[in-house]
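Numbering (the UniProt record's numbering), first residue to last: 1 to 369.
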């Protein structure tokens, strides 16, 4: 069994997805907020963007964000200081529920990352418990206690806000973030679109088929150097057909591969099965949505994949945020200054090295297309 499970975040959009999130929400709310039930209609009618955190494909947490152009649009706006009502995108946070399979730091890391990706400056909300936690770790500002708000049961209600664009030092420390590790606004990264050009067979199908069996000499040297230094869990961003595993002798190492091409993921799963890695997995999706549930990944690899990312700067910052303290990020990208003459020489060299198998011939034709 894997010791460090990974978390994947996805916006819940379809009725079926929202129902799954509501089921988790209502189960937890029944314990303390007996009348605070949600429905698909209430989620949609209130323009709530609903997000789910999945641990090994099982939903372990949900939260909702309602975006506003200014703070004065917020429900219960009378609870907050009117002097803070400045124009700018803000949101109310709600519909928050989680089970104990997700690490608290990871959960709030997901929340702040999502807010930053949406370009939000401030999150507003109400609390019914854990006020000290929000103040101490998340630098929450308390606006009013014992609010006259009906949340479905007789509990104290506190109005609060959190700055999410620039995190306070203690929040950075708690979430393992540096001041520069913040996201730009890319709403699309929070959704999975099956028709996206970055996941389509037409974009990556021929590439996957051509390169699944070919590992160039330069790549072999790099993979071997990485493999020689691995002793803990590793995240392989843009894993392709999981070539890295071919150079790792320890079959029990914890490996998390992720790629945005279904064919690449299929190739990675085939490699995992063929080589007999017991604690390895590969999943379809964006690296920006994968989180380590715990202390972070000791090693993260991005080998010839960052250049293909829809938002490479966001992805790079996210990978840095997922590193454990003292961890290593291996980054390799194609040389943008490579000319055709040099490429021809290298490919001829590889043909001699490989004996010119059919897959290499296809690779050559693709590179010169």
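Note that the Cβ used here is the ideal one computed from N, Cα and C, for glycine as well. Computed from a prediction, not measured in an experiment: that's the story for all the values here.
Provide the residue span of the beta strand (DSSP E) that contains residue 274, from first to last.
Counting along the chain, residue 274 falls outside any beta strand (DSSP E), though it belongs to the alpha helix (DSSP H) covering 262-275.
Stretch-stretch touch, CB-based, cutoff 8 Å, three pairs: the segment 296-310 with the segment 228-242
yes
When the distance is taken between beta carbons, is residue 260 closer than 8 Å to residue 288?
no
Using a Cβ-Cβ cutoff of less than 7 Å, which residues in the same chain neighbour residue 377 once the five nearest sequence positions on both sides are dropped?
Absent from the structure is residue 377, since the part of the chain shown begins at 1 and ends at 369.
Below 6 Å CB to CB, which residues in the same chain sit around residue 138 once its five sequence neighbours on both sides are set aside?
162 and 171
Please name the residue, chosen from 258, 275, 271 and 282, that lies closest to residue 319 on a Cα-to-Cα basis.
258
Are residue 12 and residue 50 close, meaning C-beta to C-beta below 8 Å?
yes
Nearest to residue 148 by alpha carbon, out of 79, 298 and 108?
79
Cα-Cα separation, residue 125 to residue 43:
16 Å
Rank 62, 246 and 143 by C-alpha distance to the C-alpha of residue 94 and give the top, closest one.
62
From 248, 232 and 143, pick the residue whose C-alpha is nearest to that of residue 223; which is it?
248
Using a Cβ-Cβ cutoff of less than 8 Å, which residues in the same chain neighbour residue 275 once the five nearest sequence positions on both sides are dropped?
245, 246 and 251
Which residues bound the beta strand (DSSP E) around residue 155?
Residue 155 -> no beta strand (DSSP E), and no H or E assigned at all.
Note the first and the last residue of the continuous alpha helix (DSSP H) segment covering residue 287.
No alpha helix (DSSP H) contains residue 287, which DSSP labels as neither H nor E.
Relative to the C-alpha of residue 6, which candidate in 317, 281 and 332 has its C-alpha closest?
281
Per DSSP, residue 11 is paired with what?
51
If you scan the segment 62-116 from start to end, which runs of the beta strand (DSSP E) of 3 or more residues do you find wholly inside it?
87-98
When you compare only the Cα positions, how much space is there between residue 298 and residue 176?
14 Å
For residue 99, is the classification buried or exposed, using 16 other Cβ atoms within 10 angstroms of its Cβ as the cut-off for buried?
exposed
Inter-residue spacing [alpha-carbon to alpha-carbon] between residue 48 and residue 41
10 Å
Delimiting residues of the beta strand (DSSP E) encompassing residue 144:
141-144
Cβ neighbour criterion (16 or more within 10 Å) applied to residue 21
buried
Residues bridged to residue 6 (per DSSP)
292
What are the partner residues of residue 236, as DSSP defines its beta bridges?
257 and 301
Close beta carbons around residue 64, own chain, < 8 Å, minus the five adjacent residues each side:
43, 48, 49, 50, 51, 93, 94, 95 and 96
Where do the N-terminal and C-terminal ends of the beta strand (DSSP E) with residue 132 fall, by residue?
Residue 132 -> not in any beta strand (DSSP E); alpha helix (DSSP H) instead, spanning 131-138.
Local Cβ density within 10 Å of residue 317, reported as buried at 16 or more and exposed below that
buried
Whole angstroms are fine: how far does the CA of residue 46 sit from the CA of residue 19?
16 Å
Does DSSP put residue 171 in a helix, in a strand, or in coil?
helix
When burial is assigned at 16 or more other CB atoms within 10 Å of the CB, is residue 113 buried or exposed?
buried
My guess is that residue 242 and residue 272 are in contact by the Cβ rule of under 8 Å, so how many angstroms apart are they, rounded?
6 Å
Please return the same chain residues whose Cβ sits closer than 7 Å to the Cβ of residue 195, not counting the five positions on each side in sequence.
Only weak support exists for where residue 195 lies, its pLDDT of 40 falling under 50; the coordinates are left without a value.
Using the three-state DSSP reduction, which class does residue 119 fall into: helix, strand or coil?
coil
Could you check which residue in 330, 169 and 293 has the C-alpha nearest to that of residue 302?
330
Flag this pair as yes or no: are the beta carbons of residue 103 and residue 285 separated by less than 8 Å?
no
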